[in-house]
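Residue 506 in my numbering sits at position 506 of the sequence shown; the count goes up by one each step and never skips. Notes to accompany the following structure.
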Amino acid sequence: MREDSQTGTVGPHSVRARVDNAAESIGRVWPLYADVAANPLSGFEDLPFDEAVTQGETLYGGRGYPSADYFRRAWERGEIDPELLSERLADAGIEDDPEALLDRMADAEDDSTGEAEDVPLDRLLSKWLAAFLDQGETAWAMPNREAGFYEAWSALAKYDDDIPASETPVAAFHRDRLTDLPDTAMEALYAVLADHSEERWEEIFEHHLAALPGWTGLIKQREQDENNPWQDAYPITLVDYLAVRLILAKHMGEPIAPEASAESAGDADEVPSLPEIWLDAWEESYRRDLVDAVDASVGVSTSGSETDADAPTPRSADAAAATASPDGGETVVDADAESASGGDAAATDAQLVFCIDTRSEIIRRHVEDAGPYETHGYAGFFGIPIRHEEYGEHVSTDSCPVMVDPKHRVAERPTEDAPAERHDRWSSLSHAGHKLMKSLKNDVAGAFGFVEGAGGFFGAALTARTLLPSRMYDLGENAGAPRNEAFCEPGVDHPDEAGEDDSEPGAASPPADELASETAAEETLALEPEHDLPSGISTEQRTYYAEAAFDLMGWDEFAPVVVFAGHASQTVNNPYESSIDCGACAGSSGVPNARALAEICNDPEVRATLRDRGHEIPEETVFVAAEHNTTTDEVTLFADESARERHPDVFDRLEADLETAREGATAERVKTIDGEAPAESARETERRAADWAEPRPEIGLSGNAGFVVGRRELTSDADLDGRAFLHTYDWAADPDGDALENIMVGPLVVVQMISAQYYFSTVDNDVYGSGTKVTHNPVGKVGVYQGNGGDIRMGLPFQSLHDDAGEAYHSPLRLTTLIQAPVERVERILRENEAVRRLFDNGWLKLTVLDPERANQAFHYRGDLQWDAERDAATAAASPASAD
1 MREDSQTGTV GPHSVRARVD NAAESIGRVW PLYADVAANP LSGFEDLPFD
51 EAVTQGETLY GGRGYPSADY FRRAWERGEI DPELLSERLA DAGIEDDPEA
101 LLDRMADAED DSTGEAEDVP LDRLLSKWLA AFLDQGETAW AMPNREAGFY
151 EAWSALAKYD DDIPASETPV AAFHRDRLTD LPDTAMEALY AVLADHSEER
201 WEEIFEHHLA ALPGWTGLIK QREQDENNPW QDAYPITLVD YLAVRLILAK
251 HMGEPIAPEA SAESAGDADE VPSLPEIWLD AWEESYRRDL VDAVDASVGV
301 STSGSETDAD APTPRSADAA AATASPDGGE TVVDADAESA SGGDAAATDA
351 QLVFCIDTRS EIIRRHVEDA GPYETHGYAG FFGIPIRHEE YGEHVSTDSC
401 PVMVDPKHRV AERPTEDAPA ERHDRWSSLS HAGHKLMKSL KNDVAGAFGF
451 VEGAGGFFGA ALTARTLLPS RMYDLGENAG APRNEAFCEP GVDHPDEAGE
501 DDSEPGAASP PADELASETA AEETLALEPE HDLPSGISTE QRTYYAEAAF
551 DLMGWDEFAP VVVFAGHASQ TVNNPYESSI DCGACAGSSG VPNARALAEI
601 CNDPEVRATL RDRGHEIPEE TVFVAAEHNT TTDEVTLFAD ESARERHPDV
651 FDRLEADLET AREGATAERV KTIDGEAPAE SARETERRAA DWAEPRPEIG
701 LSGNAGFVVG RRELTSDADL DGRAFLHTYD WAADPDGDAL ENIMVGPLVV
751 VQMISAQYYF STVDNDVYGS GTKVTHNPVG KVGVYQGNGG DIRMGLPFQS
801 LHDDAGEAYH SPLRLTTLIQ APVERVERIL RENEAVRRLF DNGWLKLTVL
851 DPERANQAFH YRGDLQWDAE RDAATAAASP ASAD
C-alpha cells in the first residue's frame, strides 16, 4: 500500500478504489424523468440468488422471498401444482401438510416484523442531498453547487440549525458548529477514519452507502453517466457523500463502523428454506404451463442438425454447416417454418412490429384477430442506439438500453412551414405561461395576491380535472400544438455523406464476409467519441440497422405495409410516468426509434444495398412508424399522404381494425385492474389517462413472468394473459447464432432488470419498492420521498402492483426464458458470455430451450452448462451430451 506523507495512511487512489468496491453492492437509481427499471440487488448478481437475498436482508433489511400470503393466494388459485410441491418438499425431507406450512411461515413473519427506524442522520443528510441534487424544482437553488457537493456543503453547514452541537470532535481543527471543516472530501475521510483499522474501511463505506441506497444509487448513476449535463455542472461523487455523512456521524456521536454480524452456520445453507421451496414450485408450475401453451409443432427441422455425428458438442463456430441439407441447400423445415413472417406475405395486408413489452402481447392478439395481419416482437429501441433531439427542445435524450452507449445524434427537422410555425407559437406561449405562473407562485411579495386573484380560475380547472377527466382528455387531444410527427422527420441521413470515411471511429462495421467471425453485437456497439456523436447515420450504417432487424426476426417476405410501433404511456400527476414507458429506450418513448427505422427502410439507397445482400423488398412495400399508447391501447399511424396514396384501402382497413383491436385489448386490461370491464372500455382508459386522482392509470408490466424467443407461430394461438415478453426469432435463418446472441446479451438483460424490479418491489414494497402513492412527495425532479424526508425510493409504488384490498396484480416470480433454438447453439452462447450465463447459473433467471432439431423437445437448464431433458412419448431424439 502506498503511504501518503501528509496523512500517514493509504493514498487517495486506494481510498477511491475501496469506495468503488463498497459501491458494487449498491444498485444504480435513475431520476424520475428517465426512470429505468433496475434490480435493487444488482450488486449481488455474482452470487447465487439465495445468498444474494440474504446479503440484501443484512445490508438493507429487505425481504427476499414472497410472504406466506402470496404463496397462499397462488395455492388457492391453483397456480402451484400440488404434486410438484409435494416432490419439492419431499426432496427437502418435509412431510407436513401445505396448509400447515403456510401457517408456519406466516407465524415466523409475524415474529420478525417491526417498525422502520427514523434515523436523524439519514434525514439530515437527505435534506442536503435534495438541495444539491435538485434539477430545477426549487426557486432558490443551493449556492456554490458548481464546486461540488462536499465543498458546497462545508461552506453552508455552519448555518444549519438542524445540525446539533458536537458530541464527538472530528479532529483538532473541528469546532462545535462545524465552522472549520477539512478542506477536501478526502481529508474529511482521513480525519474521521483515523481511529479505525484500515482493514475495516471498505466495510464502513458499504455500511454508510447502504444507509440511503436511493440517494447513493442516484449518485452512482450520475457518476457513471457520460451524458449528464447536471453532473457536468454540479458534480457529486460517492467520496463526497461519504465525507459529509461520516463528518456528520462523528459530529453527532453516531456509530462509524457497523456492528459485527454473526456468521451463519455453513450447514444451514445446504437446506432450502420453506419460502425457497414454495417459490421454486410456483416458478416451475408456471414454466410447465408456458411450455405447454406454445405450439410444439412450429419450426421443427426434418433434416440436418447441429448434433450431426460430425459436429462437435457443444457446437463450434464451424458447425453451422451441420444445418445444411445433404444437397448443400438450406435446412429443410416444415412448411409452416418457411419464413418467420408467416410464409405467405401476399395474403397479409400489414406486418406490425411491436416492442417485446408484455403489454404488447395483449394488443398483438387482438390485432391478429381483427384482420389479415402479422405481428412481431422486437426490442423497443428497434436496434438503433440514438440520442434523440426533439424539435423545439434544448435537451437530448438517450433512446437505447442503459447498457448501450448511443451512437448517433438524430434531430427532428420540420418538413412543412405552416404547422412548424403553429407549433412554435404554441410552444412559446406555453413556456412563457409556465414561467410566469412559476414566478408568481414563488414570488415572496406577490404569491398571496396571486392566489386570491386567480383562485376562481384555478378552482374551475381543478373541478373539471376532478369531475370531468374524460372531457379534459378530449380537450387535450384536440387543442394545442400539432404533434411533432405531423410535420417533422427524423434526421437519419448523414450531412457529410459524400466525403465520409466509413472506417472512422464510431462507424458501425459493415457486415462484410471477412467480418463474419465477429459478432453483430461488436459491430453495432462500436464506440463513438464521448460527447461528440455524429449527426445522422451513414448509408452503410443505415443499411446495417435495417438488415439486422430483418435478420433478427428472420424476415424474407414483406407485406404491402410494414409498421414499426414504438410505445409510450399517457398519464397525468404521475411521478412514475417514465417507468411505464419503454425500458429498452431508457424510460423514454420508443417512437423516435420506430420513426428512424421506418425512414431508413424507405430510403431507396438502403433498399438497393439490401437487395444486393439478398433482402428483396417489393417496390410497393411502404414502411411507416406508429405509436402504441400503452395506457389507452390506441395505435396511431404516422403515415404521410404519399404512403396512404400507395395503399389507401390497406390503411383504411388497418386503422379501422386497430380500433377494433383496441376495444378488445382495453376490455381485457381494465378487467385485470378492476375485476370487470365497462361497456366502453376504451373510454375508461382515456379517463384514466387524464384523471389526476387516478392511482392506477395502468399497471405497467405487472404480471410479467416469461420471455419467449422464437417464431410468432409458437404463441399465436395462445393467450398468455399479458404475462410474457415476446421476441420474434427464426432459428433456421440464424445458422451462426449471431442474432440469438444479440437477443441474449441485449433484450434478455433488459427484461431481467424489469423482472427483478417488479419481483423485489412486490415482495418488500417498503424496502425495495416505493410504498403507497398516498404519502409520496416528489423531490427535486429526481425521486420521491415517503412522507417529508429520508431516502428517495428506488422501486415501484404499491398501487402499480396491488389493488386497494392488497390483492397482487403481480406474481413475484423470477423470469422464465423460453428459447426455440438448437440447445447446442444456446449452450455456446452461454459459454461465450459469462455475464449472461451467471444470471442463469445463480438462479436469477430460469431457462428452457425448445430444440427444433429434436422435435421441439424441451431442455431445462440446471446450471453449469448442464441440462435436464424433458422426455415424453413424442420425443425420441438423443439428448445433448451435457444433458446425459
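Ideal Cβ positions, reconstructed from N, Cα and C, are used throughout, including at glycine.
Could you name the residues of the same chain whose beta carbon sits closer than 7 Å to that of residue i, not counting the 5 residues immediately before and after it, in chain order?
| i | result |
| --- | --- |
| L467 | none |
| Q221 | R28, V29, W30 |
| I600 | V492, R542, Y545, A546, V606 |
| E634 | R662 |
| S42 | G27 |
| V15 | M186, L189 |
| A155 | N144 |
| G638 | A small correction: the amino acid at residue 638 is Phe; Gly does not occupy that position in the sequence shown. Excluding positions up to five away in sequence, the list reads E485, R595, V624, A625, A626. |
| N777 | V784, Y785, G787, N788 |
Let's test the definition: count the other Cβ atoms within 10 Å of the Cβ of residue i and tell me whether it reaches 16, buried, or not, exposed.
| i | result |
| --- | --- |
| S895 | Because the chain spans 1 through 884 in this model, residue 895 falls outside it and cannot be assessed. |
| P326 | Only weak support exists for where P326 lies, its pLDDT of 29 falling under 50; the value from the coordinates is given anyway. With fewer than 16 other Cβ atoms within 10 Å, it is exposed. |
| A516 | Because A516 carries a pLDDT of 34, less than 50, the predicted location of this residue cannot be relied on, and the following value inherits that uncertainty. It is exposed - the Cβ of A516 has fewer than 16 other Cβ atoms within 10 Å. |
| D764 | buried |
| S800 | buried |
| V395 | exposed |
| Y159 | exposed |
| F458 | exposed |
| Q757 | buried |
| W201 | buried |
| S285 | buried |
| A52 | buried |
| K846 | buried |
| H431 | exposed |
| M472 | buried |
| R664 | The amino acid at residue 664 is misidentified as Arg; the sequence shows Gly. Classification for G664: buried. |
Start and end of the beta strand (DSSP E) containing residue i?
| i | result |
| --- | --- |
| C895 | Nothing can be reported for residue 895, as the shown portion of the chain is limited to 1 through 884. |
| K846 | 846-851 |
| G783 | 783-786 |
| N777 | 776-779 |
| I386 | 386-389 |
| A350 | 350-355 |
| G377 | 373-378 |
Assuming residue i contacts residue j (C-beta within less than 8 Å), just tell me the rounded distance between them.
| i | j | result |
| --- | --- | --- |
| G710 | Q820 | 3 Å |
| G554 | G380 | Not really, about 19 Å apart at Cβ, beyond 8 Å. |
| P40 | Y768 | 5 Å |
| M744 | N842 | Wrong, their Cβ atoms sit about 16 Å apart, outside the cutoff. |
| L129 | W215 | 5 Å |
| S755 | N704 | 6 Å |
From what residue to what residue does the alpha helix (DSSP H) around residue i run?
| i | result |
| --- | --- |
| P469 | 469-478 |
| F149 | 149-156 |
| A559 | Counting along the chain, A559 falls outside any alpha helix (DSSP H), and DSSP gives it neither H nor E. |
| I277 | 274-293 |
| R644 | 641-646 |
| Y241 | 238-252 |
| H860 | First-last for H860: 857-863, but that is the beta strand (DSSP E), not the alpha helix (DSSP H). |
| A191 | 185-193 |
| R837 | 834-841 |
| N21 | 12-23 |
Mind checking whether the beta-carbon of residue i lies closer than 7 Å to any heavy atom of the ligand FMN?
| i | result |
| --- | --- |
| V784 | No copy of the ligand FMN appears in this structure; indeed no ligand is present at all. |
Starting from the C-beta of residue i, find all residues in its chain whose C-beta is less than 8 Å away, skip the five residues before and the five after it, and write them out in chain order.
| i | result |
| --- | --- |
| E109 | S67, A68 |
| L242 | V19, A185, L189, F205, H208, L209 |
| P258 | E203, I204, H207 |
Output yes if chain C places a C-beta closer than 8 Å to the C-beta of residue i; else output no.
| i | result |
| --- | --- |
| A586 | Looking for chain C here will not work: only one protein chain is present. |
Please work out which residues of its chain come closer than 6 Å, Cβ to Cβ, to residue i, disregarding the five sequence neighbours upstream and downstream, and give them in chain order.
| i | result |
| --- | --- |
| H251 | S166 |
| F149 | F132, I236, D240 |
| L85 | A281 |
| A684 | According to the sequence as given, residue 684 is Glu; it is not Ala. These residues qualify, in order along the chain: V670, P678. |
| Y759 | P812 |
| L658 | V635 |
* Tell me, please, whether the region 351-363 touches the region 578-588 by the rule of three or more beta-carbon pairs shorter than 8 Å. => yes
* Contact the region 808-819 vs the region 287-294: 3+ CB pairs below 8 Å -> yes
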